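All residue numbers for the sequence shown refer to the numbering used here, where the first residue is 631 and numbers rise by one. We put the beta carbon where it would ideally sit given N, CA and C, even for glycine. A quick note: this is a predicted structure, and the numbers were derived from the prediction, not measured. Following: one structure in structure tokens, then a few remarks.
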Amino acid sequence: MSNQSSPSVVEFVIVGFPGFRDLESRKTLFILFLTVYLCILLGNTLLIVIFTLDKSLHTPMYVLVCGLAVLDVVITTNTIPSMLVLFSLESRSVSFAACFTQTTFYLCLFCTESFILSLMAYDRYIAICNPLHYPNLMNNGRALKLMVCCLMAGLLCAAPSVGLALRFPFCGPNKVIQCFCDFSSVLMLACGDIMVTSYIALSIGLSVLLFPLIYILFSYVRIISSVLKISSSEGRLKAFYTCGTHLLVISVFYFVAASVFISYRIPGTSVDMRIMGAIIQNVFPALMNPVIYCLRTKEIRNSLVKTLRKCKVFEQQGLQRSFLWE
């Protein structure tokens, strides 16, 4: 960058919720998000361990689910620990480079999750609507390659917005009205006319949301039409319930994210509501995905039971050995 675009701001101050700055509110938020973060780590790590230990789960569907679990852990680890530090203090200073690093990771991982959710819809669409062609269209190796493609696509989608933001000088205010370094909140602090960059970033963000969402809805319409052909009413009810819960998490991810993106361009929007929307979009899918995709799945439950039984057997054998040594 030229000297003109070299930042004079060396650090940003993360303000958090303007309406929740008192000590009691910050304590409540700290306990709440610490509990949520531990639940996210526990649920997703348990899923990854079960998938790793049980070779019967090494199928394309569970490869994608395990990849989503890893992504959810990384996404929340990128934001929640820094939020916990913020809630412990009244505000938090972060260096210019660290703030943009967090922003880049956040945008990249957000785009990647959007693409992986559409990839999972594609996998279910092929499995249910074209089961005879499924072995030829999807396998473990192809699922891994497609997830890597999603990650690369996420990076390519995030790079233009961050690159354009870095072209501006940051020479004035440095208070980020957010609980982490969110792209739109940081861009608003740039010196200069950010309108073009703002709308380019908005267009990229909405495209990343809109096109995968359209495909996901199309896939689920086709899946539901296939489910209607099931003769068993119990089977139809179970399939509809599963689709409904999947669509709930997907709706929260896509529609809340779109609302947050658009809210920055609507004057008079509540700052606290905008911040809460960004946090819900960041946290809720990661919290619910292990339950929706895995713990309610019969194969995962059976594998969990088998794993616990093995651990119990190993524990009993260890006790027997220690008794013999004594």
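| query | result |
| --- | --- |
| Neighbourhood of Ala699 by C-beta, 6 Å cutoff - its chain only, sequence neighbours within 5 removed | Asn674, Leu677, Ile678 |
| Pick from Met750, Leu739, His763 that is closest to Met782, judged by C-alpha positions | Leu739 |
| Burial state of Ala727, where buried means 16 or more other Cβ atoms lie within 10 Å | exposed |
| Beta-carbon proximity of Ile746 to Cys779, cut-off 8 Å | no |
| Ile807: first and last residue of the uninterrupted beta strand (DSSP E) it sits in | Premise fails: Ile807 is in no beta strand (DSSP E) and is neither H nor E. |
| For Ile910, the residue or residues it bridges with in DSSP | In DSSP, Ile910 forms no bridge with anything. |
| Range of the contiguous beta strand (DSSP E) that encloses Phe798 | Here Phe798 belongs to no beta strand (DSSP E), and DSSP marks it neither H nor E. |
| Buried or exposed (CB count within 10 angstroms, at least 16 for buried), Gly784 | buried |
| Expected contact under 8 Å - CB spacing of Val890 and Ala916 to nearest Å | Not really, about 16 Å apart at Cβ, beyond 8 Å. |
| Top-ranked residue by Cα proximity to Cys669, from Phe914, Arg939, Lys859, Ser933 | Phe914 |
| Continuous beta strand (DSSP E) assignments of at least 3 residues falling wholly in the region 694-732 | 722-725 |
| Contact under 8 Å by Cβ, Pro690 with Asn769 | yes |
| Inter-stretch contact (C-beta, 8 Å, three-pair minimum) for the region 649-666 and the region 709-717 | yes |
| Distance, Tyr829 Cα to Ile846 Cα | 25 Å |
| For Pro648 and Asp812, believed in contact at Cβ under 8 Å, the rounded distance | Their Cβ separation, rounded to whole angstroms, is 14 Å, which puts Asp812 and Pro648 out of contact at 8 Å. |
| Alpha-carbon to alpha-carbon, His876 and Ile922 | 6 Å |
| Supposed contact pair Thr827 and Leu839 - C-beta distance, whole angstroms, cut 8 Å | Leu839 to Thr827, Cβ: 19 Å. No contact. |
| Given Phe730 as reference, the closest of Asp702, Ala789, Arg651 once Cα atoms are compared | Ala789 |
| Residue interval of the alpha helix (DSSP H) (run including Ile854) | 825-857 |
| Contact check, Val886 vs Ile910, beta carbons under 8 Å | yes |
| Helix, strand or coil at Ile644 according to DSSP, with G and I counted as helix | strand |
| Among Asp684, Arg939, Ser725, Tyr894, nearest to Ile807 - alpha-carbon criterion | Tyr894 |
| Nearest-angstrom Cα separation, counted from Ser856 out to Tyr755 | 10 Å |
| CB contact flag (Asn804, Glu641, <8 Å) | yes |
| Inter-residue CB distance, Arg651 and Glu720 (contact presumed, cutoff 8 Å) | 6 Å |
| Nearest residue (CA-CA) to Phe659, options Ser933, Met906, Ile892 | One point to set straight first is that residue 659 is Leu, not Phe, in the sequence displayed. Among Ser933, Met906, Ile892, the Cα nearest to that of Leu659 is on Met906. |
| Length of the line joining the Cα atoms of Ser718 and Cys759 | 51 Å |
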